Each structure stands twice: as C-alpha cells, then as structure tokens.
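First the structure, in the form of structure tokens, and then the observations on it.
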Amino acid sequence: MTRRTGWAIGGGAAVVLAGAALWILWQGSTAPPSERPTPTAVATTSAPAADRAQDELDATLTACAESTESVPPEHCGISIPWGTEFAAVSGIRYRVEKLPMLELDGDTFTAGGGVLVATVTGTGQDGSPRTETYRTENWAVRGDVEISPEKVKIDIW
1 MTRRTGWAIG
11 GGAAVVLAGA
21 ALWILWQGST
31 APPSERPTPT
41 AVATTSAPAA
51 DRAQDELDAT
61 LTACAESTES
71 VPPEHCGISI
81 PWGTEFAAVS
91 GIRYRVEKLP
101 MLELDGDTFT
111 AGGGVLVATV
121 TGTGQDGSPR
131 TETYRTENWA
141 VRGDVEISPE
151 KVKIDIW
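Just so we're aligned, residue 1 is where the sequence shown starts under UniProt numbering, counting upward by one.
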C-alpha cells in the first residue's frame with residue numbers, strides 16, 4: 001500500500017465516522033415524543049381549602065337571607081326588580097332553596113347555580129297593599145377570597 005492510499009483510506013474513515021456521529025446526534029435531538037406525556041403542574045386549591053371557602057360562603061349567604069330589611073343586604077348578590085310594581089317596600093323575606101357552588105380561581109371566586117326566593121311586601125304603585133314573590137333560578141356571586149391556615153375570608157363584590 002502506498003502512502004497516498006493510506007491517507008485516502010484514513011481520510012475516508014474519518015469522514016464516515018464524523019458523518020455517523022452527526023447522524024446520531026441529529027437523531028437524538030429530533031426524537032419523537034415519548035408515549036406518555038410529561039405531567040405539568042396545574043395551580044389548584046386543595047380540597048380542604050375549597051371546602052372551607054364553600055362553608056364560609058354558605059354561612060355568609062345564609063346570614064344575608066336572614067335579613068328582614070326593606071332593601072336587599074349589601075354584598076350578597078341579591079337584586080330584586082320591584083321598582084315597577086311597588087311605590088314603597090316595607091319588608092323582604094328570603095328563602096334559599098339552593099346555595100351557589102363556589103369555584104376558586106387564585107384569590108377570587110365565582111359561585112353560581114343557586115336558587116333564591118324573595119317575597120316582597122309593601123305598597124303597590126296604585127297605593128294598595130301588595131305582596132309579590134320573585135324567584136332567581138341562577139343566583140350567582142363573585143368576589144375575593146383570602147385563605148390561610150387559620151381562617152377563610154370571603155368578600156362578595
């Protein structure tokens with residue numbers, strides 16, 4: 001074998017090895033995704049915290065429903081369209097048939113699906129005594145929530 005043939009064989013072998021190394025590296029970087037996707041962390045609130053927040057919301061809305069004032073209590077998500085039927089309202093009684101279900105989203109919440117019945121008593125537009133019952137099939141509230149190990153604070157907007 002001549003010197004020139006030796007260099008040609010050595011150079012060819014080096015090119016083949018370099019090509020094989022590049023091919024192996026390229027295959028490793030473009031590998032298809034694995035059969036099982038890698039799980040990612042999702043921000044959720046622990047069940048006990050959500051249960052405690054629901055309990056606090058239930059207590060707050062139940063207290064709202066115990067009001068006997070002539071105007072709906074503030075921060076309770078209660079709106080009654082009595083203005084066109086009554087000249088004056090002397091009292092409102094509430095009955096909760098179903099409390100809204102709470103969903104936490106960080107430091108805020110939404111709650112919906114509640115059923116609230118309000119019976120309004122007062123003076124009608126014509127001056128005669130009047131009583132009307134209003135039913136809300138989707139009583140919903142929104143607000144802020146603070147959850148700590150010691151307590152849960154609900155603030156309905």
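Using N, Cα and C, we set each Cβ at its ideal position, and we do this for glycine too. Fair warning: this is a prediction, and the values are worked out from it, not measured in the lab.
- Apart from sequence neighbours up to five positions away, the residues of its chain that approach Thr-133 with a beta-carbon distance below 6 Å are Thr-119, ordered along the chain.
- DSSP places Val-115 in the uninterrupted beta strand (DSSP E) bounded by 108-124.
- Contact holds between the region 107-124 and the region 133-152, because three or more Cβ pairs, one in each stretch, are under 8 Å apart.
- The beta carbon of Ser-70 sits closer than 7 Å to those of Val-89, Ser-90, Gly-91, Ile-92, all from its chain and outside the five residues before and after it, given in chain order.
- For Trp-139, the enclosing beta strand (DSSP E) starts and ends at 129-147.
- Following the DSSP letters along the chain, one finds Glu-97 inside the beta strand (DSSP E) bounded by residues 86-98.
- Restricting attention to Ala-14, Glu-85, Arg-52, Thr-2, the CA atom closest to the CA of Ser-148 is found in Arg-52.
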